[in-house]
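Undergrad: Heads up: the protein sequence lines correspond to chains R and D, in order. Each residue of the first sequence is one higher than the one before, starting from 1 at the first, in our numbering. Each residue of the second sequence is one higher than the one before, starting from 186 at the first, in our numbering. Cβ coordinates follow ideal geometry from the N, Cα and C atoms, glycine included.
Protein chains: 2
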Amino acid sequence: MIATEIHLRQPDWLSDWLQQPAPDSERGRLGEVLALAGENIRRNSGGPFAAAVYALDTGERLSAAVNTVVSNHCAAAHAELQALSLAQQTLGNHTLAGRACVLVSSSAPCTMCLGAIAWSGVQALVFATTRADVEKIGFDEGPKTPAWRRQLQQRGISVRGPLLQRQGQAVLAGYRGPVYNGHNL
Amino acid sequence: MIATEIHLRQPDWLSDWLQQPAPDSERGRLGEVLALAGENIRRNSGGPFAAAVYALDTGERLSAAVNTVVSNHCAAAHAELQALSLAQQTLGNHTLAGRACVLVSSSAPCTMCLGAIAWSGVQALVFATTRADVEKIGFDEGPKTPAWRRQLQQRGISVRGPLLQRQGQAVLAGYRGPVYNGHNL
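1. Span of the alpha helix (DSSP H) holding R:Glu-80?
2. With C-beta atoms as the reference, is D:Ala-261 less than 8 Å away from D:Ala-250?
3. Touching or not, the region 150-163 of chain R and the region 301-321 of chain D, by the rule of three or more beta carbon pairs under 8 Å?
4. So, under 8 Å CB-CB, R:Arg-9 and R:Asn-72 are touching, yes? Tell me the CB distance rounded to an integer number of Å.
5. Quick one: measure Cβ to Cβ for D:Ser-230 and D:Pro-196, integer angstroms, because I've assumed they're closer than 8 Å.
6. Throw me the rounded Cβ distance for the R:Ala-124 and R:Arg-61 pair, which I believe falls under 8 Å.
7. Locate the alpha helix (DSSP H) running through D:Ser-305, then write down its first and last residues.
8. Looking only at its own chain, which residues have a Cβ that is under 8 Å from the Cβ of D:Leu-241, when we skip the five neighbours before and after it?
9. Residues of the region 215-238 of chain D in Cβ contact with chain R at a cutoff of 7 Å, in chain order, please.
10. For R:Ser-107 and R:Leu-163, I'd like the C-alpha separation in whole angstroms.
11. So what does DSSP say about D:Glu-190, is it helix, strand or coil?
12. Relative to the C-alpha of R:Ala-147, which residue among D:Tyr-360, D:Pro-328 and D:Arg-334 is closest?
13. Is there a C-beta anywhere in chain R that falls below 8 Å from the one on D:Gln-274?
14. Any Cβ of chain R within less than 8 Å of the Cβ of D:Ser-290?
15. Return the bridge partner residues of R:Cys-74 from the DSSP annotation.
16. Give a yes or no on whether the minimum CB-CB distance between D:Pro-328 and chain R is below 8 Å.
17. Between R:Thr-111 and D:Ala-303, which are expected to be in contact by the criterion C-beta below 8 Å, what is the C-beta distance as a whole number of angstroms?
So, in structure tokens, the structure goes:
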């Protein structure tokens, strides 16, 4: 029997987390996302990455997600792709373009999440750690264009980062779980 | 209330389709995928794109998917990303690397699906239509590196295409639905 539905679940502990009010500054949002990445390591619920989408007008949190590649049996279950998709589920629309939003991410996007950002309708990206930081612990960014920042900006999406980079590096350094770059079993 | 689960459903008509035996040649597989893209247009269930994953040893169909961006309220619900994710659900593993598989797609991948291919563990990609064919009907490929074929091949993923290109172009030419490149509402 082959699957005809994809069901991506965030870990149960995240629902409790979401009871907290959303942070009210960019620094606070990045801090929240880095704390979520750290919590995902501690709970052993996925890779050392987290992301969230916030409305730029009210500061409302429209989604938050951690990496769940292994638990959801889905190589696409990266934090950024899920945070964008969850925000679209929250709004009930395939695009976020009707509401000015920012994607805040613990790391710069891989190729797949870069594409997901371009399609999402999000207006801004803010991230903590860089390609080199992520490669240092064994993860790959994939076949990504070096001109990615400019190409997002040309599509009307502003890009800021690295910010709180040392704090982000400390989170990455604490990860001891599997590295799953496509051909690792 | 914000969403904490992403549930991507393929259209009901696809389940009936999957009762048919899988085609037993590369040409037959491409023909199946192009027929699925055409059916998605006729049924008005999504964009003019389809993809499927087949095991290279037995020819077994491990997944098939059509584009469901609008119906699933999810900009990431492209055919290729879903076909790869569904095959992983079928196998119960986040990587396809334990089983030699091919992704057959109606079009060359966008940036997001290119990244998804790199992470999926798939061994081969075969596609029908090109970037220019897709751009002709208004879709964008996103911030994609021009070196994408070589970069997949460097990761051990073979790439073949365009194949059955005219047949694929005819399918694309029949599409009259929405074009959803991120910032289109």
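TA: On the basis of the coordinates in this document:
1. 79-91
2. no
3. no
4. 7 Å
5. 4 Å
6. That pair is no contact at about 15 Å.
7. 296-305
8. Ala-285, Cys-286, Val-287, Gln-308 and Ala-309
9. none
10. 10 Å
11. strand
12. D:Pro-328
13. yes
14. no
15. BP columns for R:Cys-74 are empty, so no partner.
16. yes
17. 7 Å
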